[in-house]
Amino acid sequence: MLSSILAGLYQLASVKILAIMFFGSFIGIIFGFLPGLSGSIALAIFIPFVFGKPINISMAFLLGMHASIMFGGSISAILFNVPGTSQNIATCFDGYPMSQNGRAAEAIGIAGTSSLLGGLFGATVLAISLPVIRPFIMLFGPAEFFMLTIVGLSMIALLTAGTIVKGLIAGGVGLLVSFIGMDYITGSARYTFGYLILWDGINFIPVIIGLFAIAQMIELYVKGGSIASRTNHIGKSTVINGIKVAFLKRGLILRGSIIGSLVGMIPGLGGTVANILAYGHALQTSKEPDTFGKGNPEGIVGPEAANNAKEGGALIPTLAFGIPGSQGMAVLLGAFIMIGMVPGPEMVTEHLDIVFMLSFIVAIGNIFATGIGFLLANQLQKLTMIPGKQLVPIILAICFIGSFVTNGRFSDVIVALIFAVLGYFMKRYDYSRAAFIIALVLGTLFERYYHIAVRLYGSFFIFKRPISLILLLFVIISITVPFVQSKKNDRNNIL
Amino acid sequence: MKKINTSLIFILIIIFISFGFIYFGLDLPFRSRVIPFLVALCVLLLAIIQMLFETLPVFSKKEIGKMDLFNTELIKMKQEKMILRKGKVENNKNREKRLLIILKWILILIIGIYFLGFLVTLPIFMFLFYFIECKYTCTKALSITVIFWMIIYLVFEAYLRADLYRGIILMSIEGLV
Numbered sequence: 008m009l010s011s012i013l014a015g016l017y018q019l020a021s022v023k024i025l026a027i028m029f030f031g032s033f034i035g036i037i038f039g040f041l042p043g044l045s046g047s048i049a050l051a052i053f054i055p056f057v058f059g060k061p062i063n064i065s066m067a068f069l070l071g072m073h074a075s076i077m078f079g080g081s082i083s084a085i086l087f088n089v090p091g092t093s094q095n096i097a098t099c100f101d102g103y104p105m106s107q108n109g110r111a112a113e114a115i116g117i118a119g120t121s122s123l124l125g126g127l128f129g130a131t132v133l134a135i136s137l138p139v140i141r142p143f144i145m146l147f148g149p150a151e152f153f154m155l156t157i158v159g160l161s162m163i164a165l166l167t168a169g170t171i172v173k174g175l176i177a178g179g180v181g182l183l184v185s186f187i188g189m190d191y192i193t194g195s196a197r198y199t200f201g202y203l204i205l206w207d208g209i210n211f212i213p214v215i216i217g218l219f220a221i222a223q224m225i226e227l228y229v230k231g232g233s234i235a236s237r238t239n240h241i242g243k244s245t246v247i248n249g250i251k252v253a254f255l256k257r258g259l260i261l262r263g264s265i266i267g268s269l270v271g272m273i274p275g276l277g278g279t280v281a282n283i284l285a286y287g288h289a290l291q292t293s294k295e296p297d298t299f300g301k302g303n304p305e306g307i308v309g310p311e312a313a314n315n316a317k318e319g320g321a322l323i324p325t326l327a328f329g330i331p332g333s334q335g336m337a338v339l340l341g342a343f344i345m346i347g348m349v350p351g352p353e354m355v356t357e358h359l360d361i362v363f364m365l366s367f368i369v370a371i372g373n374i375f376a377t378g379i380g381f382l383l384a385n386q387l388q389k390l391t392m393i394p395g396k397q398l399v400p401i402i403l404a405i406c407f408i409g410s411f412v413t414n415g416r417f418s419d420v421i422v423a424l425i426f427a428v429l430g431y432f433m434k435r436y437d438y439s440r441a442a443f444i445i446a447l448v449l450g451t452l453f454e455r456y457y458h459i460a461v462r463l464y465g466s467f468f469i470f471k472r473p474i475s476l477i478l479l480l481f482v483i484i485s486i487t488v489p490f491v492q493s494k495k496n497d498r499n500n501i502l
Numbered sequence: 004m005k006k007i008n009t010s011l012i013f014i015l016i017i018i019f020i021s022f023g024f025i026y027f028g029l030d031l032p033f034r035s036r037v038i039p040f041l042v043a044l045c046v047l048l049l050a051i052i053q054m055l056f057e058t059l060p061v062f063s064k065k066e067i068g069k070m071d072l073f074n075t076e077l078i079k080m081k082q083e084k085m086i087l088r089k090g091k092v093e094n095n096k097n098r099e100k101r102l103l104i105i106l107k108w109i110l111i112l113i114i115g116i117y118f119l120g121f122l123v124t125l126p127i128f129m130f131l132f133y134f135i136e137c138k139y140t141c142t143k144a145l146s147i148t149v150i151f152w153m154i155i156y157l158v159f160e161a162y163l164r165a166d167l168y169r170g171i172i173l174m175s176i177e178g179l180v
């Protein structure tokens, strides 16, 4: 084992490889920052550049870049409410309000530290658990996946505690939108009205861009002024403050990382689910749940730790079984095969040094990404002081390009526009956009796994599978406990 | 003229959407329609409840207003409230006006992209926006536009080869349509 660890480290021990990794991290941050350019697109673009290169060089670049994309996405989520990737959705909920409060640099500091620690945790999990993880992954089937989506959907009730009816309406509409497209169970086209482009369902990226980014630009123009309207924190908001705050929340970082790694290990759920679940967990365990959505640092800590820890977790099924856990991992799997590395059980038995090398790349890539982000944070914070009118045309242009480049379809630009208008009015009338997006992301998985689970285990499948039952109890407890506690607090306040 | 409550219109749109999902799902196989049907029904019920929440307090306020017509304290408070409301109405009018302006700009951008594509529309849109909306000088607006266009071109077209949408006019000229 120790010889494999040293061999893995030795393959990266050169200034040239570290420089390549640094360059990869920088590219990754830019791709993450620009909406619509996801990790899979970045990998697809750069695979030809590393084709034929030695495995340590090609992986240092590709994986270093892939590990940095998430943090790049969180920077645009914090500064402009534009989640760079779909896995940064939850970072918008509290990151952008922090920017509005003039605390953008602090928020980037929190996101960077949480991402770094989450990424390191994910890399450690990858290195330690790969040889022993197989039985754990096999425990999860459609019934457990279904219950995990229910855990995610139950977050809607917690997120919208003050305006529960509006929150449930928003979540319901999100679910309805997720049902558009081909039904994989019966093979029939639902709510497509004969349009072929709707057969694949509504693409998340234009919806997210419209609902959050473009709607925010409309709001910014209508409201006037700049993003950071409350500038009293500007002088005090530094990256160092953010790092301190993140270290104070180290327990939450650890829990968020565990959630991220676990979700990453399970193929088919993805980083968006990890991000949302971690946000819900942060909200549930917070001492100040009322401040969530208004700039609570815990709302950044949990999701950012989770989406970076997910990378290490997602590499486990990709490397051990050749099963990619996400779109990005599928492209990475292709890259592994192209450069002559065949994922499968032999990775654990014969190529353990490569597994450790990949773990080190994930860890070092995260360190580089965080360093780059921190160096730029104070300058980036100044962007939030630019008058909205001047920012609006640039951000609008980038958003519409981002909507288009995901699939190369003009219809996605129209989708972004429709959801921008919807997002603006949802914000104006206090309907939770977070609830909408959670339901949209989980809706397809929820229905698909429900039907498969019913076919496999019958209608009462939840009670037949122990992990499902545990998850059901978790949902019940997680919904009821906060309500009971708030009632208790109300009663105590009256007395 | 009585002011239309726009939040109620928003709820009515949600009710309309839920009805749509129920109606258009009727022809689908049972397995395909059952979950959308149940969700749409729940949304419909919740939207009706929300509509009641938003309309009932309006009625009750009117009743209170009628009952306390000769209460001077209340009249004073009402007058103060009316002044505040007047300011709010003016603010709202301003907001609606600005909303229409930005939506108009976005529509121009989308229509432009549809006909002329990204690379032609974006510089025209940016120049006009900075020149008309931000009241920049011609030189300043032009220089920002040129810099931004060059970045977009270099990053997306030259480097990433993203093949940005060219618009139906250019595509028909190129014989792609």
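These protein sequence lines are chains A and B, in that order.
Residue numbers for the first sequence follow my numbering, beginning at 8 and rising by one.
Residue numbers for the second sequence follow my numbering, beginning at 4 and rising by one.
Cβ coordinates follow ideal geometry from the N, Cα and C atoms, glycine included.
Endpoints, alpha helix (DSSP H) assigned at residue i
i	result
B/Ile171	Ile171 to Ile176
A/His458	Arg440 to Tyr464
A/Arg262	Arg257 to Met272
B/Tyr26	Thr9 to Phe27
A/Leu284	Gly278 to Thr292
A/Leu182	Ile171 to Ser185
A/Gln107	Ile96 to Gln107
A/Ala384	Leu359 to Gln388
Length of the line joining the Cα atoms of residue i and residue j
i	j	result
A/Gln223	A/Tyr436	14 Å
B/Ile105	A/Ile225	7 Å
A/Ile273	A/Ala111	33 Å
A/Leu9	A/Ala20	16 Å
B/Gly178	B/Glu136	37 Å
A/Ile140	A/Ser366	16 Å
A/Thr131	B/Gly23	50 Å
A/Asp360	A/Phe68	18 Å
B/Ser21	A/Ile62	53 Å
A/Val280	A/Met162	11 Å
B/Ile52	B/Pro39	20 Å
A/Leu155	A/Leu478	7 Å
A/Ile54	A/Pro324	21 Å
A/Asn314	B/Arg169	35 Å
A/Phe211	A/Lys495	40 Å
A/Leu452	A/Phe153	7 Å
B/Leu122	A/Gly267	40 Å
A/Ile234	A/Phe58	43 Å
A/Gly249	A/Leu86	15 Å
B/Ile155	A/Phe56	22 Å
A/Met336	A/Leu322	7 Å
A/Ile260	A/Tyr464	36 Å
A/Ile215	A/Thr356	42 Å
B/Val37	A/Val184	15 Å
B/Ala165	A/Val362	33 Å
B/Leu167	A/Ile34	20 Å
Close-in-space but distant-in-sequence residues of the same chain around residue i (CB under 6 Å, 5 per side omitted)
i	result
A/Ala427	Gly217, Ile221 and Ala222
B/Lys64	A caution first: B/Lys64 carries a pLDDT of 48, below 50, which makes its placement in the model too unreliable to give a value.
A/Val505	Given a span of 8 to 502 for chain A in the structure shown, any question on residue 505 of chain A remains unanswerable.
A/Val364	According to the sequence as given, residue 364 of chain A is Met; it is not Val. Counting only Cβ-Cβ distances below 6 Å, and skipping sequence neighbours, we find Gly15 and Gln18.
A/Leu290	Leu165, Pro296 and Phe299
Neighbourhood of residue i by C-beta, 8 Å cutoff - its chain only, sequence neighbours within 5 removed
i	result
A/Arg440	Ala177, Leu218, Phe219, Ala222, Gly430, Met433 and Lys434
B/Ile18	Leu47, Ala50, Ile51 and Met54
A/Gln94	Met77, Gly80, Gly277, Gly278, Thr279, Ala281, Asn282, Asn314 and Lys317
B/Phe128	Trp108, Ile111, Leu112 and Gly115
Distance between beta carbons of residue j and residue i, contact taken as under 8 Å
i	j	result
A/Gly91	A/Gly79	6 Å
B/Leu173	B/Gly120	5 Å
A/Met28	A/Gly372	6 Å
A/Ala285	A/Gly309	4 Å
A/Ala376	A/Ile36	6 Å
Chain-order list of residues whose beta-carbon lies under 7 Å from that of residue i (same chain, five-residue window excluded)
i	result
A/Arg197	Phe186, Ile187, Gly188 and Asp190
Closer than 8 Å to chain D by CB, residue i
i	result
B/Ser10	Included in the structure are the protein chains A and B, with no chain D among them.
For this session: With 8 Å as the C-beta to C-beta threshold (strictly closer), list the residues of the segment 119-135 of chain B near chain A in chain order.
Result: Residues passing the 8 Å Cβ filter: Phe121, Leu125, Phe128, Met129, Phe132 and Tyr133.
Exercise. Relative to chain B, which residues along the segment 205-231 of chain A have a C-beta separation below 7 Å, given in chain order?
Worked result: Look at the segment 205-231 of chain A: the residues with a C-beta under 7 Å from a C-beta of chain B are Ile225, Tyr228 and Val229.
Exercise. Between the segment 32-43 of chain B and chain A, which residues of the former have a C-beta closer than 9 Å to a C-beta of the latter?
Worked result: Within the segment 32-43 of chain B, the qualifying residues are Pro32, Phe33, Arg34, Ser35, Arg36, Ile38, Pro39, Val42 and Ala43.
Exercise. What are the residues of the segment 47-75 of chain A that lie near chain B, defined by any Cβ-Cβ distance shorter than 8 Å?
Worked result: Result list: Ile52.
Problem set entry | Where the segment 431-456 of chain A meets chain B: residues whose CB sits under 7 Å from a CB there | From the segment 431-456 of chain A, only Phe432, Tyr436 and Glu454 have a Cβ closer than 7 Å to chain B.
Problem set entry | Contact set between the segment 133-161 of chain A and chain B, restricted to residues whose Cβ is under 8 Å from the partner | Answer set for the segment 133-161 of chain A: empty.
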